[in-house]
Amino acid sequence: MERLDVSDGFDVHDYRAKLKLLTQDADSMQLANREGLGCPACGREFEKLFVTEDDSVSFDAAPNGPICVTRTAEELLVLAH
Ligand SMILES: [Zn+2]
C-alpha cells in the first residue's frame with residue numbers, strides 16, 4: 001500500500017489523483033482518500049484527511065473510528081480511519 005508521504009511536507013498536488021477535495025477554505029481543506037493510501041502515522045488506510053495551516057483546530061463532532069495526527073513544518077494533518 002502506498003503511504004501518504006509527509007516527510008518533506010504535504011503538497012496536495014502530489015496526490016491530486018488519489019485524494020478528492022471535499023471542502024476548502026483559506027487555511028484548511030478536507031480530502032477523501034479514494035485510492036487506499038496508507039496513513040503516515042499508523043500505515044492503515046484512512047478515510048478522510050484534514051489539513052490546516054493553523055496552529056490548532058477544533059472539531060464539533062468526532063468520527064467513529066481511530067484518529068491519527070501528524071505534522072509537517074507548515075501544516076497539521078488529522079487522519080480519520
Ligand atoms: Zn493512522
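Sequence positions in the sequence shown follow the working numbering and run 1 to 81. Cβ atoms here follow ideal geometry from the backbone N, Cα and C, with glycine treated the same way.
Asked	Found
Spatial neighbours of Arg44 in its chain, beta-carbon cut-off 7 Å, leaving aside the 5 residues before and after	Gly38 and His81
Residues surrounding ligand 1 [beta-carbon distance to nearest heavy atom under 6 Å]	Cys39, Ala41, Cys42, Arg44, Phe46, Cys68, Leu79 and His81
DSSP beta-bridge partners of Asn64	In the DSSP output, where bridge partners are listed per residue, Asn64 has none listed.
Candidates Val51, Asp27, Ser58 and Ile67: closest to Leu19 by CA position	Val51
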